[in-house]
Structures are given as C-alpha cells and as structure tokens.
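Q: One structure follows; several queries about it will come next.
Numbering (the numbering used here), first residue to last: 10 to 193.
Take a look at the structure:
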C-alpha cells in the first residue's frame with residue numbers, strides 16, 4: 010500500500026482532522042506554481058486543485074478564487090465557470106482515469122461536514138467498480154495507487170485542452186501575472 014500523501018495527516022497532533030492553519034489553503038494555492046499548489050487548471054473565476062486528503066485516487070476540487078463560503082455567494086459568471094469546470098473535470102477523468110462513475114458534492118458549513126467551511130469548493134471524486142473494499146471499513150484506510158503530483162501532471166494537459174474546447178478561458182499560472190486572484 011503506497012500512500013505517501015497521508016504522512017502529514019498521520020503526523021498531525023489531532024489524529025481526527027488534517028492539520029489546521031489560520032491561512033486558507035484555497036487562497037494560498039493560487040499564489041504557488043501549479044505543481045507546488047497541486048493546481049490542475051486555472052480559469053478566470055475558478056481553479057481546479059487536487060485534494061490533499063483524497064477520498065479516492067484522482068479526487069479534485071473546483072474552487073472560486075474569491076474567498077466565499079456559499080454557492081449562493083457566487084456571481085453568475087463565477088457560477089457558470091464553477092459548474093462548467095466541474096463538467097470538464099469529469100471529462101478529463103474519463104480520458105485519463107476511466108472511472109465507472111463519480112461522486113460530486115459541496116458541503117456548506119461546519120455542520121454539513123465541510124473541512125474548510127469558509128471557502129467554497131466542490132469535490133469531484135472518480136469511482137470504479139470495486140474501489141471500496143475492506144480497507145476503508147476494517148482499517149479506516151484508503152489505498153491510493155498514484156502520487157498526487159503524478160495525477161496532477163496527468164490531468165493538467167488534458168484539462169487545458171478540454172477546457173479550451175469547452176470555451177473556458179484559462180488564467181495564467183502564478184508567476185506569469187499578479188498572483189493575487191483572491192478578493193475578500
């Protein structure tokens with residue numbers, strides 16, 4: 010079982026939750042390079058990022074650049090790109106990972122299970138027949154057969170191509186232009 014991304018979780022002081030920081034990881038990620046931030050694609054209003062604590066291999070999230078907490082806080086342009094990027098992510102997964110299905114979800118608020126309730130994000134989790142075996146049930150462990158960085162590298166070029174074909178405008182990566190995409 011190869012799950013190197015889990016080490017930061019294992020070594021955290023609180024074994025029940027991932028390490029916390031006062032800084033929002035979804036606001037910090039766009040200031041980094043795509044590789045360092047695990048960003049798959051950058052749009053005008055949203056970006057797609059690998060989940061650092063994935064439910065399954067290939068798990069991504071769509072996040073607005075603006076630090077907002079609710080779907081109802083998105084402008085019409087943001088909402089369109091948020092959902093369009095989600096559909097492109099599913100198409101990318103179809104090409105690269107060939108899943109049998111998907112789980113899509115938004116948890117809004119701490120009570121709803123949002124790990125980072127202050128910044129809206131939609132989970133897109135590829136699923137395969139037989140991907141849930143005894144490990145999550147008995148050992149409370151999931152197996153991840155690919156490193157997050159390798160999955161990001163596989164998704165990024167396909168996402169760029171499909172997003173362009175779908176009419177989504179790509180934004181420059183960190184370092185290519187001002188890095189502050191985040192508005193309060």
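We put the CB at the ideal spot given by N, CA and C, even for glycine. Quick caveat, the model's predicted, so the values are computed rather than measured.
Candidates 37, 125 and 53: which alpha carbon is nearest residue 173's?
A: Per the Cα distances, 53.
Q: Hey, is the region 164-179 in contact with the region 44-53, meaning 3+ C-beta pairs nearer than 8 Å?
A: Touching, yes, given that three or more Cβ pairs across the two stretches are closer than 8 Å.
Q: Could you tell me which whole alpha helix (DSSP H) segments of length 4 or greater appear in the region 68-144?
A: Taking only runs of at least 4 residues, the alpha helix (DSSP H) segments lying wholly in the region 68-144 are 85-105.
Q: Give the straight-line distance between the Cα atoms of residue 97 and residue 69, rounded to the nearest whole angstrom.
A: Taking the straight line from one Cα to the other gives about 12 Å.
Q: Going by Cα to Cα distance, which pick from 133, 31 and 128 is closest to residue 110?
A: Minimum Cα distance to residue 110 is reached at 133.
Q: With which residues is residue 174 paired in a DSSP beta bridge?
A: Paired residue(s): none; residue 174 is not in a bridge.
Q: Between the region 70-81 and the region 31-39, are three or more C-beta pairs nearer than 8 Å?
A: Contact between the region 70-81 and the region 31-39 is present, because at least three Cβ pairs lie under 8 Å.
Q: At which residues does the alpha helix (DSSP H) containing residue 37 begin and terminate?
A: Element bounds for residue 37: 34-37.
Q: Tell me residue 221's beta-bridge partners as DSSP assigns them.
A: Here the chain comprises residues numbered 10 to 193, so residue 221 is not present and cannot be evaluated.
Q: Smallest Cα separation from residue 138: which of 128, 116, 106 and 90?
A: Ranking 128, 116, 106 and 90 by Cα distance to residue 138 puts 106 first.
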